[in-house]
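Take a look at the structure set out below.
In this note's numbering, the protein residues as written are 38 to 283.
Now the structure itself:
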């Protein structure tokens, strides 16, 4: 996630641009950029990357405020230093930025909560249909599992470390992680992974294969890793082959 949190570092960075915003508005451009040229696209990309990386796009500025910010940035680049009269505005600018960052966080949290509820609903419908299949069993904790191949070795306990191949997908088939695709088995401590995953592995033995269906509350819940394929409230599916237990 590129959204900058409300730190003084982020505030100071953006404050520098805001200090100069009122210096130059409506300045005529010396030359007209050909937006179709490769060079123009490259420099436009710099601006877009900065806007995304700084979090400005999430801060709910009005169009007029955006124009002021852009004008200040342009003037700041031209001058190369901050005029003394604008340094006195730093406390006010920091207050504005902190307020905008807070609003952005609240909006993002509201959006994530909405996504989580939608995904949980889809997951519940998926698991309800799944539960009608005779070969699919349900653990009392809430995850479902399907034995694909019976093993002959030991079953892991929560104090063990397991070696396995796994293939993780969402209910729409999106692959989010796979040791199978990497061609390299993985090792995990049983007490160091999500509850649905470790619980499912206790249902099989070394040499066995199992498919585990994990509702969000036994997976990553509403707080998966930012920027990953797993979204808030997602139900997860793991197909696992247990290779060893230590």
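Yeah, the Cβ is synthetic: ideal placement off N, Cα and C, and Gly gets one too. Since this is a predicted model, take the numbers as computed values, not measurements.
key: One or two residues paired with residue 215 in a DSSP bridge   = Answer is 204, bridged to residue 215.
request  = With a 10 Å radius around its C-beta and 16 neighbouring C-beta atoms as the bar for buried, classify residue 247 as buried or exposed.
outcome  = By the neighbour-count rule (16 or more Cβ atoms within 10 Å), residue 247 is buried.
request  = Taking residue 177 as part of the alpha helix (DSSP H), name the residues at either end of that continuous run.
outcome  = Note, residue 177: premise wrong, no alpha helix (DSSP H); not H, not E.
ask   = What separation, rounded to the nearest whole angstrom, lies between the Cα atoms of residue 167 and residue 94?
value = So the alpha carbons of these two residues sit roughly 41 Å apart.
message = Please classify residue 275 as buried or exposed, where buried requires at least 16 neighbouring CB atoms within 10 angstroms.
response = buried
task = Could you check what DSSP says for residue 98 in three-state terms: helix, strand or coil?
result = In the structure shown, residue 98 sits in coil (DSSP, three-state: anything other than H, G, I, E or B).
query = Cα separation between residue 61 and residue 230?
reply = At residue 61 the pLDDT is 38, less than 50, meaning the model places this residue with poor confidence; the figure from the coordinates comes in the next sentence. Their Cα atoms are separated by approximately 55 Å.
request  = Pick out the complete alpha helix (DSSP H) segments inside the region 75-123, 4 residues or longer, and give them in chain order.
outcome  = Fully enclosed alpha helix (DSSP H) runs of 4 or longer: 75-91, 100-116.
Closest by C-alpha distance to residue 278, when choosing among 245, 249, 260, 255 = 245
Span separating the alpha-carbon of residue 138 from that of residue 105 = 18 Å
key: DSSP state of residue 263 mapped onto helix, strand, coil   = coil
ask   = Which residues in the same chain as residue 237 place their Cβ atom closer than 8 Å to its Cβ, once the five residues preceding and following it in sequence are excluded?
value = 176, 180, 182, 247, 249, 251, 275, 277
Beta strand (DSSP E) segment containing residue 247, residue limits = 246-251
query = DSSP three-state call for residue 144: helix, strand or coil?
reply = Residue 144 falls in the helix class under three-state DSSP.
ask   = Where does the unbroken alpha helix (DSSP H) through residue 233 begin, and where does it stop?
value = 232-238 is the span of the alpha helix (DSSP H), which, as asked, contains residue 233.
ask   = Short check: CB of residue 222 to CB of residue 200, under 9 Å?
value = yes
query = Got a sec, what are the start and stop residues for the beta strand (DSSP E) residue 210 sits in?
reply = Taken as a continuous stretch (DSSP letters only), residue 210 belongs to no beta strand (DSSP E), as it is neither H nor E.
query = Got a sec? Which residues, its chain only, sit under 6 Å from residue 235 by beta carbon, not counting five neighbours each side?
reply = Spatial neighbours of residue 235 in its own chain (CB-CB distance under 6 Å, excluding positions within 5 residues in sequence) are listed in chain order as 227.
inquiry  = Going by beta-carbon coordinates alone, are residue 189 and residue 242 separated by less than 9 Å?
reply    = In terms of Cβ geometry, residue 189 and residue 242 form a close pair [threshold 9 Å].
message = Quick check on residue 158: does DSSP put it in helix, strand or coil?
response = The answer is helix: DSSP assigns residue 158 an H, G or I state.
key: Cβ-Cβ separation, residue 197 to residue 285 (assumed contact under 8 Å), whole Å   = Residue 285 cannot be examined here, being either before or after the span of the chain that is shown, 38 to 283.
ask   = Between which two residues does the beta strand (DSSP E) carrying residue 223 extend?
value = 223-226
task = Pick out whichever of 184, 265, 272 has its Cα sitting closest to the Cα of residue 254.
result = 272
ask   = Which partner residues does residue 199 have in the DSSP bridge list?
value = 225, 282
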